[in-house]
Structure formats: structure tokens, C-alpha cells
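One structure is given here, and the rest of the page talks about it.
In my numbering, the protein residues as written are 2 to 556.
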């Protein structure tokens, strides 16, 4: 007998399964904040729901609570003043371990159906989540709504689909019969139980608190595990809303809600204690190389899925759409002030310039024209504020100041501060472009998170491709781009990215950008270079989160 929520959401699951098999465009969650899709009052209701959190304690009724903790500082300068339950991590671990028993009992189909219901509920809260993401991360409204809600939900659903597909390959029982010639056959009954490995820890990041959290959350949850979400200390609210909704759905379906809990702390020692605890069997992390590597080195009892830093890069060899190329790059470098793990940092150009539909362009002309394109794109204040958002952390602002100083390379375009009339306390910065020689590796050969990009002068196209590959192999990258009109160059770059195991975007000139990743179609990361040891999402992202335990007996 199938679970009622599995039946309720079967069409959504089937759509997701078809999408991951065909890799075409598909999404059940509308990315447009339209009244037609979300309801006439959804926008106002969502804003009211978000406002209701401000200045209050966020109740979750979790075990081991000893007090309240908070302190998020909005990049927009808006006071949040939300307090969250401070709970002992041992209590959360023990409660999660206990809750796994009832979660296992509903079976893979029941878990899948309940997870699909969670995602459906979260989708109905997209406006509330969008405001929470915007105000804690500094993203512009449209990006916060899309990436923070429906696109994050897409990634969660993608993980559930992969998890269901892998679990559905395991039969619940079988009759094993081995012929024995003239003697009676050996007959056994065998049962196969899918069992979660243990508690999953999901460590959130400060820039994408849902998009980077939902894959690991739903991969661990749908495969039978309890989950503790440890959000970034400055982006707690989106995670808290998510956890409360999930706990509500669990309780409605007779499952102990302590299966999913929120651990709010600004103490790295607490996160380290969680990550190395014997009950924790998986860790999902997005963030710095330093802590990510610490997790990989020390969380020996767990499988660590880590997205770390990299140096994303683009090689420009030639183009037959020069203005469109520059426009595409201008948007790429400006979006959310470059505070994305997929934003291009090194733009590699041959020293003798490039051939274009507007004639030959020297290296210096490419630098100047890209700078002009960025300035033109951001010339309207309302466009600039909507696209740039606000700087999420003071560390990013410090990196921008360092780049502006000229110590890292020749300043082709200086970053300037803009005023946001709606949020006067927002720290809004435009991109900074630096020109440097390929030999100046200390400048561009490390991630400088934020709106900071280098136009790197290489000897020629072959040297540019070789440099791109070396960057990927040595420092990692989630995205690589190429502009070229020559098939042999495209082939050479393609083979370089195969060897470096990194996604390649070729000649993007319209409404698709190298730093965007589409769920169900694009693999976010390959797990094959130093920027990430896993992908969102593939079978490997879910299959090692559960075990099959069998029992057998003669019949």
C-alpha cells in the first residue's frame, strides 16, 4: 500500500525523474513571483510573515534548550533582532538518533512522499523565504526570491528524486531458490531494509543559506537520516523558517519532529564537535577552503560533501558577437556583486588581442571595453541596486578595497560605492577590474571572493587554455567559459575541461550566464577538482547516505 503523500505528489516526482534522465528544462516551482502562480495575496502574506519574525524569539520547541541566541546583521542595514533557541548539540544528536526509528519505519516511499510535501509547503512560503534570504545575505529581491526559494526547492527536489531512484532499485523482499539436481531446491526468503547511516550535519553558508543547504538536507533526509542544520551565524532566519516547516510536516505525519533540528552557534568549536561526533555520518559544507579541508581531514567517521573555493575563469580567443559577449560578461561580474561560488574571477586574453565582428581588438581594448560595458550596465541606479544587492561581509569589503588600491594589478575599472535609496544603510559596491600579466600568479591564482576580477594577459590562446587547465587542476573551479569562433580552439578547451573535470560554457551571449546553474539539467560541480568533492546532484550524492541490511531464512 502506497503512502498517501507519495500518491499526492507522484506527478511532481515523475517529472523530476524524467528531468534528471533527459536533462531538459523543467521545474514545478515557478521562479516568477507572480500572483497567478502563488496567489493574489501571496506577496503581502509572505512579507507579513517575514515581518512577524523581526524582534521576536523564533520558537522551535527543540530539546536541550538553554536560552536564546541571535545577532544577524543585515547587509541592508535593517534591524532584524531575531533570537533563536540555543540548544546543546548532544541533546540534538541524541534526539535525532531516536527519531530515525520512526523515520525508517515509514519506508523509502513514505519518506519520499513526506519530503515532497515539505518542499510543497516551502514553495508556498517562497515570499517569506525570499525576504529572509534578501535581508540576511544582501541579495537583490529578484535573486533572493528565485535562488532562495524556487531554485533552492528545485535543488532539494532533485536530491529527493535521485534518492528515490537509488532506493527504488532495492526490492523489499525476494524468494531465493537454488536448484539441487535430484534433491529438493534450497529455498530462502530474503528481506532488504534500507537504513539511514546516522545523523547528517548540514553546515550552511552566509550567501546562499537555502540554495546550498537544501541539496544536502533533502539527500540525507530522504535516505533515512536525521539532520541537524548549523546555519551561518549571519543567515539563520531562512534556515529557521525551513526547519520549522519541516518539523510541522513531520509531526502531522506521526514522525518525531526532532528528526530535523536547528543548531545555532557562532562557536566554531561547537561545529567541530558536531562534525566529529560518532553519531554524525554525513557532513554537507559550503564555504572556505580552510574549514572545508579541516572537515575532510577530521570528520573521519562521516562522509563529507564539501563545496570549497575555486578560481573560476574564462578564456577569450575570438568572438562574432563582441558587444553581446561584453554585455553577458558585465552581467556575470555584477550579479550579486560577484558573491557567488560560480562567478568568473580570471578572464584570460591573448597578449596580441582577439578577432571580433568589429575587427581586431587589442588586449588593452578588451580591458577598456569590458570596463565600459560594466559601467553602462550599471549606469541606471535602480538597475545597479537590483543586480548588485549589498556586500554580505566586511571581509569582502576589505578585499574590494585592496583590489582598488592597485596592489594586485592595474586598475582598469575601480569599484565605487553606490547609494540605495530604499536601504540607506546598505553597502553597495560596483565591480573592480584589474589587468595583470599571467606571470603575476600571486594576484589572481587564489579566490578573492566578491566583485573582483582579473583580465589576465597570456602569451597566446594555447597558453590561455593551458593556464585555465592549470588553474582548475591546482586551485579548482566550478565554472569555466570560452569565447571562440574556431572549432579547433573549442575542441582544445573541451578536452582541457575534461581533464580538469570542470563544467564549460561556450560563447554565452544571451540570457544564460556562466555563473548560473539550472537544477535537473546542470551538474553543479563535478567532484573532480579541488573546488568540490561532490556534485549537486548525481547518484553519488545520495547513494552513500544509506545502507541495505538484509535478513534471510529457510522456507
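Heads up, the beta-carbon is just placed ideally off N, CA and C, and yes, glycines get one too.
As the structure is a computational prediction, the values presented were derived from the model and not from experiment.
| Check | Outcome |
| --- | --- |
| One question on the structure: do residue 316 and residue 465 come within less than 8 Å of each other, judged by their Cβ atoms? | yes |
| Starting from residue 262, follow the beta strand (DSSP E) in both directions and report where the run begins and ends. | 261-263 |
| Can you list, in chain order, the residues of its chain whose CB lies under 6 Å from that of residue 310, leaving out five sequence neighbours each side? | 290 and 448 |
| Below 8 Å, can you find three or more Cβ-Cβ pairs linking the segment 514-525 to the segment 377-393? | no |
| Which value, in whole angstroms, describes the spacing of the CA atoms of residue 22 and residue 162? | 11 Å |
| Who are the Cβ neighbours of residue 472 in its own chain at under 6 Å, not counting the five residues just before and after it? | 312 and 314 |
| Which runs of the beta strand (DSSP E), 3 residues or longer, sit entirely within the segment 330-381? | 347-351, 355-357 and 360-362 |
| Apart from the five residues just before and just after residue 497, which ones in its own chain have a Cβ nearer than 7 Å to its Cβ? | 466, 469 and 470 |
| Going by DSSP, which residues form a beta bridge with residue 283? | 201 and 304 |
| Do you know whose CA, among 418, 352 and 345, lies nearest residue 376's CA? | 418 |
| Just to confirm, are residue 149 and residue 9 a CB contact at a threshold of 8 Å? | no |
| Just the Cα atoms here: how many angstroms apart are residue 360 and residue 367? | 12 Å |
| One question on the structure: do residue 1 and residue 195 come within less than 8 Å of each other, judged by their Cβ atoms? | Here the chain has residues from 2 to 556 only, and residue 1 is not among them. |
| Tell me the start and end of each unbroken beta strand (DSSP E) in the segment 508-553 that is at least 3 residues and wholly inside, in chain order. | none |
| Quick check: the Cα distance between residue 250 and residue 485, rounded to an integer number of angstroms? | 51 Å |
| Could you check how far apart the C-beta atoms of residue 530 and residue 503 are, in whole angstroms? I think they sit under 8 Å. | 6 Å |
| If we count Cβ pairs, one from each stretch, closer than 8 Å, do we get three or more for the segment 231-249 versus the segment 168-185? | no |
| Here's the rule I'm using: 16 or more other beta-carbon atoms within 10 Å means buried, otherwise exposed. How should residue 202 be labelled? | buried |
| From the DSSP output, read off the bridge partner residues of residue 434. | 414 and 454 |
| Please report the residue range of the beta strand (DSSP E) in which residue 1 lies. | Missing from the structure shown is residue 1; the chain here goes from 2 to 556 and no further. |
| Between the Cα of residue 532 and the Cα atoms of 306, 32 and 81, which residue gives the shortest distance? | 306 |
| Do you know how far the Cα of residue 208 is from the Cα of residue 327? | 26 Å |
| Can you name, in chain order, every residue of its own chain whose Cβ lies under 6 Å from the Cβ of residue 100, other than the five neighbours on each side? | 227, 257, 259 and 260 |
| At which residues does the alpha helix (DSSP H) containing residue 116 begin and terminate? | 108-125 |
| Specify, as a first and last residue, the run of the alpha helix (DSSP H) that residue 9 falls within. | 5-9 |
| Nearest-angstrom Cα distance between residue 391 and residue 153? | 20 Å |
| Are the beta-carbon atoms belonging to residue 345 and residue 389 less than 8 Å from one another? | no |
| Report back the beta-carbon spacing between residue 151 and residue 28 to the nearest angstrom; my notes put them in contact at under 8 Å. | 7 Å |
| Ordered along the chain, which non-local residues of its own chain (more than five positions away) have a Cβ less than 7 Å from that of residue 557? | Residue 557 falls outside the range modelled here, since the chain spans only 2 to 556, and no answer is possible. |
| With distances taken between CB atoms, is the gap from residue 69 to residue 55 smaller than 8 Å? | no |
| State buried or exposed for residue 177, treating a residue as buried only when at least 16 other CB atoms are found within 10 Å of its CB. | exposed |
| Secondary structure at residue 69, three-state DSSP: helix, strand or coil? | strand |
| Return the residue from the list 200, 104 and 198 that minimises the CA-CA distance to residue 562. | Here the chain has residues from 2 to 556 only, and residue 562 is not among them. |
| According to DSSP, is residue 217 part of a helix, a strand, or is it coil? | helix |
| Mind checking who residue 505 pairs with in its DSSP beta bridge? | 481 |
| Measure the alpha-carbon distance for residue 206 versus residue 16 and round it to whole angstroms. | 29 Å |
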